[in-house]
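Scroll down for the structure; my scribbles are underneath it.
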Amino acid sequence: MAAEALFRPFDFKGLHLKNRIVMAPMTRSFSPDGYVTDDVAQYYKRRAAADVGLIISEGVGVNRPASVNDRNVPRFHGEKELAGWKHVIDEVHSVGGVMAPQLWHVGAVRTRDPEWTPPGPYDSPSGLSRPDKKFGEGMTDEEVADAIQAFADAAAAAKTLGYDSIELHGAHGYLIDQFFWDGTNVREDAYGSKTLTGRARFAADILKAVRKAVGPDYPVIIRISQWKQQDYTVKMAQDPKALGEWLGALVDAGADILHCSQRRIWEPEFEGSDLNFAGWAKKLTGVPTISVGSVGLSGEFIAAYAGEASKPASLDELERRMERDEFDLVAVGRALLQDPDWVVKVRDGRESELMSFDRSAMAKLY
């Protein structure tokens with residue numbers, strides 16, 4: 005299993021990574037009432053000790069009443085909560101790891117626990133959870149401004165705690181992405197628009213506020229996707245021109261790295277080219293990109309969570325794309341969740357030891 009391209013160092017704007025492999029953010033819900041425990045810290049530490057280049061945490065809630073959809077999803081605000089995250093980064097740094105929290109607001113997404121309700125109203129651009137599906141009320145100007153500040157405050161806290169970078173979750177049909185999508189953003193003020201670039205203002209204003217909070221030299225990542233959990237077939241940017249205008253607005257606002265999520269990393273984004281989503285994003289903007297989507301496993305993640313078997317898969321196609329520098333980094337999700345030593349096994353050519361993904365792995369931290 006050739007893997008040389010995966011194990012080149014990556015240096016960019018204060019990020020010094022030993023290889024090109026990123027641990028993808030994966031919701032785990034093992035933080036009782038939003039407080040991370042030492043078990044969470046050790047979960048991340050194990051991956052850092054096993055040579056993951058960059059760890060991106062599970063999504064962590066910013067300081068809005070309904071920013072998370074599960075009482076056991078961790079929060080990234082409050083003295084006690086941040087003390088827990090300080091312990092996490094200290095443990096990761098103790099073994100030479102590099103880590104960024106993923107700052108998250110779920111928006112108009114129902115809670116996963118029917119017996120728990122968030123301590124305040126749901127946020128959304130227009131009171132829609134999907135096209136034509138009513139879900140609460142659209143955010144007021146004051147609520148929009150408060151949400152922007154909540155992201156900036158969380159980013160500042162991450163820098164103060166010693167995290168090496170931050171990521172904004174702007175994908176998969178959550179709050180920032182709900183502003184991008186014309187199916188959920190029908191506002192008629194400055195945060196709504198007939199154009200994708202116009203609807204990117206909310207994300208751009210968050211990026212500007214984050215940049216002001218962390219300064220010019222701190223790396224800021226934003227995760228984006230075309231698909232939504234509400235509709236896997238959505239493609240907001242129908243062609244490279246629209247994609248370049250959308251992503252260019254985010255880069256201009258302060259995004260340093262684009263984390264481009266697709267369901268299958270090997271699928272081309274547009275006809276006429278085999279470039280995937282991250283490949284097009286890099287070509288159009290010139291900034292570093294992270295590619296992600298079913299890396300190292302035979303089945304894609306949605307089917308796997310439904311119980312379909314996902315066996316180890318060849319990395320030859322990934323290696324080919326890495327060798328030609330189509331994108332800069334690759335995020336690995338389920339394979340690393342299943343096996344903390346996945347990176348070491350790939351590096352050492354121990355492909356016979358790679359593990360299949362079993363969704364039972366979601367039920368525990370190890």
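Going by the numbering used here, the sequence shown opens with residue 5, and the numbers climb by one from there. Yeah, the Cβ is synthetic: ideal placement off N, Cα and C, and Gly gets one too.
Quick one: using the 10 Å Cβ neighbour count with 16 as the cut-off for buried, is T231 buried or exposed?
Counted from its first residue, the sequence shown places residue 231 at position 227. Sequence inspection shows Trp at residue 231; the Thr mentioned does not correspond to that position. So W231 counts as buried.
Counting pairs of Cβ atoms below 8 Å between the stretch 78-87 and the stretch 55-67, do you hit three or more?
Judged by Cβ distances under 8 Å, the stretch 78-87 makes contact with the stretch 55-67, as three or more pairs qualify.
DSSP-derived helix/strand/coil call for M5
What you label residue 5 is simply residue 1 of the sequence shown in a count that begins at 1. The pLDDT assigned to M5 is 46, lower than 50, so where the model puts this residue is not dependable; a value taken from the coordinates is nonetheless given after this. For M5, the secondary structure class from DSSP, reduced to helix, strand or coil, is coil.
What residue does the beta strand (DSSP E) around I226 start on, and which one ends it?
Taking the first residue of the sequence shown as 1, we reach residue 226 at position 222. In this chain, the beta strand (DSSP E) harbouring I226 covers V224 to S229.
If you drop the 5 nearest sequence neighbours on each side, which residues of the same chain put their C-beta closer than 6 Å to that of F3?
Nothing about residue 3 can be reported from this structure: the residues present for the chain run from 5 to 370 only.
Considering only the beta carbon of each residue, do L322 and V291 sit closer than 8 Å?
Counted from its first residue, the sequence shown places residue 322 at position 318. Counted from its first residue, the sequence shown places residue 291 at position 287. In this structure, L322 lies away from V291, with their beta-carbon atoms at least 8 Å apart.
Who does K137 pair with in a DSSP beta bridge?
Counting from 1 along the sequence shown, the entry for residue 137 is found at position 133. Residue pairing by DSSP places K137 opposite R134 in a beta bridge.
Beta-bridge partners of W108, as assigned by DSSP:
Locating residue 108 in the sequence shown gives position 104, where the first residue counts as 1. By DSSP's assignment, W108 forms a beta bridge with G65.
Run through the DSSP bridge pairs and tell me what L397 is partnered with.
Summary: the structure shown does not reach residue 397, with the chain confined to residues 5 through 370, and so no result is reported for it.
Roughly how many whole angstroms lie between the Cα atoms of K368 and R32?
Reading the sequence shown from its first residue, position 364 is the one you call residue 368. Reading the sequence shown from its first residue, position 28 is the one you call residue 32. A straight line joining the alpha-carbon of K368 with that of R32 spans about 8 Å.
Between the stretch 192-201 and the stretch 115-122, are three or more C-beta pairs nearer than 8 Å?
Of all C-beta pairs linking the stretch 192-201 to the stretch 115-122, fewer than three are shorter than 8 Å, placing the two stretches out of contact.
Under three-state DSSP, which class holds K49?
Stepping through the sequence shown from its first residue, residue 49 is reached at position 45. Here DSSP, grouped into helix, strand and coil, assigns K49 to helix.
Run of the alpha helix (DSSP H) containing F274, from where it starts to where it stops
As a first step, residue 274 is located in the sequence shown; it is residue number 270 there, counting from the start. Segment: none, F274 is in no alpha helix (DSSP H) and carries neither H nor E.
Can you check whether the CB of P129 is closer than 8 Å to the CB of N67?
Within the sequence shown, numbered from 1, the residue matching residue 67 stands at position 63. Within the sequence shown, numbered from 1, the residue matching residue 129 stands at position 125. No, the Cβ-Cβ distance between N67 and P129 is not below 8 Å.
Taking a contact to mean a Cβ-Cβ separation below 8 Å, would you say A204 touches A151 in this structure?
Position 200 of the sequence shown holds residue 204. Position 147 of the sequence shown holds residue 151. The criterion of a C-beta distance shorter than 8 Å is not satisfied by A204 and A151.
Considering T201, what are the terminal residues of the alpha helix (DSSP H) in which it resides?
Counting from 1 along the sequence shown, the entry for residue 201 is found at position 197. Start and end: L200 to R203.
Taking P223 as the reference, which of K212, V44 and D260 has the closest Cα?
In the sequence shown, counting from the first residue as 1, residue 223 sits at position 219. Checking every option, the nearest Cα to that of P223 belongs to D260.
Less than 8 Å separating the beta-carbons of A104 and D55?
Mapped onto the sequence shown, residue 104 falls at position 100. Mapped onto the sequence shown, residue 55 falls at position 51. In this structure, D55 does not lie closer than 8 Å to A104 by Cβ.
Mind checking whether V218 and A175 have CB atoms under 8 Å apart?
In the sequence shown, residue 218 corresponds to position 214, counting from 1. In the sequence shown, residue 175 corresponds to position 171, counting from 1. A175 is positioned such that its CB atom lies no closer than 8 Å to that of V218.
What did DSSP end up calling T115 once you bin it into helix, strand or coil?
As a working note, residue 115 is residue 111 in the sequence shown. Shown here, T115 sits in coil according to DSSP, grouped into three states, outside any helix or strand.
So, are the CB atoms of V334 and S295 less than 8 Å apart?
The count along the sequence shown starts at 1 and reaches residue 334 at position 330. The count along the sequence shown starts at 1 and reaches residue 295 at position 291. Cβ distance < 8 Å, so V334 and S295 count as in contact.
How is L369 classed by DSSP in three states: helix, strand or coil?
Numbered from 1 along the sequence shown, position 365 holds the residue referred to as residue 369. Of the three classes helix, strand and coil, the one that applies to L369 here is coil, per DSSP.
Identify, in the order they occur along the chain, each residue of the same chain with its Cβ nearer than 8 Å to the Cβ of Y236, setting aside the five sequence neighbours on each side.
Walking along the sequence shown from the start, residue 236 turns up at place 232. Taking Y236 as the centre and dropping the five residues before and after it, the same chain places the C-beta of R267 and I306 closer than 8 Å to its C-beta, in chain order.
Taking the DSSP output, what are the residues bridged to F16?
Counting from one through the sequence shown, the residue named residue 16 turns up at place 12. As DSSP reads the structure, F16 sits in a beta bridge with L19.
Should A241 and V299 be called a contact, given that it needs their Cβ atoms to be closer than 8 Å?
The residue given as residue 241 occupies position 237 in the sequence shown. The residue given as residue 299 occupies position 295 in the sequence shown. The Cβ atoms of A241 and V299 do not sit closer than 8 Å to each other.
Go through its chain and collect everything with a Cβ distance to A53's Cβ below 6 Å, but skip five positions before and after it.
Locating residue 53 in the sequence shown gives position 49, counting from the first residue. Within the same chain, Cβ atoms closer than 6 Å to the Cβ of A53 are found at V99, the five residues on either side in sequence being excluded.
Is the CB-CB distance between P69 and P125 below 8 Å?
One-based indexing of the sequence shown puts residue 69 at position 65. One-based indexing of the sequence shown puts residue 125 at position 121. In this structure, P125 lies closer than 8 Å to P69 by Cβ.
Opening and closing residue of the alpha helix (DSSP H) in which A257 lies
In the sequence shown, the residue the question calls residue 257 occupies position 253. Counting along the chain, A257 sits inside the alpha helix (DSSP H) bounded by residues P244 to A257.
Local conformation of H81 per DSSP, three classes
The residue labelled residue 81 in the question sits at position 77 within the sequence shown. H81 sits in coil when the DSSP states are folded into three classes, being neither helix nor strand.
Answer yes or no: do Q342 and M359 have a C-beta to C-beta separation smaller than 8 Å?
Here residue 342 corresponds to residue number 338 of the sequence shown, with the count starting at 1. Here residue 359 corresponds to residue number 355 of the sequence shown, with the count starting at 1. Cβ distance < 8 Å, so Q342 and M359 count as in contact.
So, is S318 buried or exposed, given that buried needs 16 or more other C-beta atoms within 10 angstroms?
Within the sequence shown, numbered from 1, the residue matching residue 318 stands at position 314. Flag for S318 reads exposed.
Does Y178 pass the burial test, meaning 16 or more other C-beta atoms within 10 Å, or should it be called exposed?
Within the sequence shown, numbered from 1, the residue matching residue 178 stands at position 174. Buried, since its Cβ has 16 or more Cβ neighbours within 10 Å.
Hey, out of V44, A112 and R324, whose CA is closest to E95's CA?
Sequence index remark: in the sequence shown, residue 95 carries index 91 (1-based). Minimum Cα distance to E95 is reached at V44.
Whole-angstrom C-beta distance between L107 and L211, which should lie under 8 Å
Within the sequence shown, the letter at position 207 stands for residue 211. Within the sequence shown, the letter at position 103 stands for residue 107. Their Cβ separation, rounded to whole angstroms, is 11 Å, which puts L211 and L107 out of contact at 8 Å.
Can you tell me whether E312 is helix, strand or coil according to DSSP?
Sequence index remark: in the sequence shown, residue 312 carries index 308 (1-based). Three-state result, E312: coil.
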